[in-house]
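Residues in the sequence shown are numbered from 3 upward in steps of one, following my numbering.
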Amino acid sequence: MRLHTWLTLGRASNLPSVWSNVFAAALIAQASLSNEALSTGAMDNEEWIPGSVSLQIILWTGCLLSLSLMYLAGMFLNDAFDANWDRHNNNARPITQGKVSATAVWLNGLAMLALGIGLAGSVYQRAVPEQATYGWVAVGLLAALILLYNLVHKQFRHSAVLMGGCRLGVYLVAALMLADITPELFLAALALCLYISGITYVAREEHTNKVSQIGSVGLLFLPVILVSFLGYTFPYFWLYACSLSLYLLYTMQRCLFTPHKNVRGFIGGLLAAVPLLDGLMLASMNLILPSLLCVAVFFIMPGLQKWIQAT
């Protein structure tokens, strides 16, 4: 299998958004834990002392690699499950173009999924052996959600929520491995779930180049409202939220409200903005520099999409 074919099957141009998800989830969870510790005077307790540098490197590397593998696996399996549909609808994907066999895609997808599960579970077990079961269950549920989405998404319209749930799972697994799951983190994960669900509703009609239910686009703006409950006291949050909203409105106007609609371009613009959404979550915790790093990732995404198809 050629490298470009492999990257196309994995929609690898979207991988930086998975990494920004991990980055944001970890920092949001750590910040909320630190705020709680400050308010309760627990900062002197030894449980707040970070692990060794080597352990942190292992955790971060294991988390990024395992969730990247699971993302790529989900994309490979999406093509494998949809091969017949793609043929009937003339959807130009590597299997239908004869660049790779469906069997090879199945084997690669399942292997990466198993490797991602094993890596995440093993790393968490090494770091927190007394709670190893939680790690295995969390990553197992994420894998099950990936498989369920790919199995039913062509038959079940609201499977878009399952796709949103997959990204919610990325936030939760990352937080569990690198800090802990907190109420603030869960709210941010729910906001990401809504945004990804909105993109997926739109993507269901990509092959027709139309968006018949524009109401589903409203899901894209709900995260701003949701995380405002965390960031309403920070002026920087409102500046960031307004900028993100303007970008979404501009992308809608440029791609949908023109004589020549470009739904694929609209979806690409929304996927490119996933790091911006991570930045919004960080801004809600007043983590200014980390949120700007997410903005930097956003500027990389369109260039990657020109090389590797994002949808």
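Each residue gets a CB set at the ideal place from its N, CA and C atoms; glycine is no exception.
Spatial distance of Phe83 from Leu153 (CA atoms): 7 Å
Selection from Arg206, Ser247, Tyr234, Thr235 that minimises the alpha carbon distance to Gly220: Ser247
Length of the line joining the Cα atoms of Tyr151 and Ile198: 13 Å
Contact under 8 Å by Cβ, Leu74 with Gly12: yes
Minimum C-alpha distance to Val175 - residue among Ser286, Thr42, Met72: Met72
Other residues of its chain near Leu189: CB distance less than 8 Å, five sequence neighbours each side excluded: Leu228, Val229, Phe231, Leu232
Close-in-space but distant-in-sequence residues of the same chain around Ser70 (CB under 7 Å, 5 per side omitted): Leu17, Val20
Exposed unless 16 or more other CB atoms sit within 10 angstroms - verdict on Ile183: buried
8 Å contact criterion, which Ala106 and Met3 should meet: CB distance rounded: 6 Å
Three or more C-beta pairs below 8 Å linking the region 58 to 67 and the region 116 to 126: yes
Three-way DSSP call (helix, strand, coil) for Met114 in this model: helix
Reference Thr253, options Leu273, Tyr242, Phe239, closest by Cα: Leu273
Close-in-space but distant-in-sequence residues of the same chain around Phe25 (CB under 8 Å, 5 per side omitted): Asp280, Pro292, Leu295, Cys296
Same chain, Cβ closer than 7 Å to Glu48, five either side skipped, listed in chain order: Caution is warranted here: a pLDDT of 45 is assigned to Glu48, below 50, making its placement in the model unreliable, and the coordinate value is therefore given only provisionally. Correct list: empty, nothing qualifies.
Length of the line joining the Cα atoms of Gly271 and Lys212: 16 Å
Which listed residue (Leu250, Ala162, His262, Ile269) has its alpha carbon closest to that of Glu208: Ile269
Val226 to Gly100 span [Cα, whole Å]: 43 Å
CB contact flag (Leu180, Ala28, <8 Å): yes
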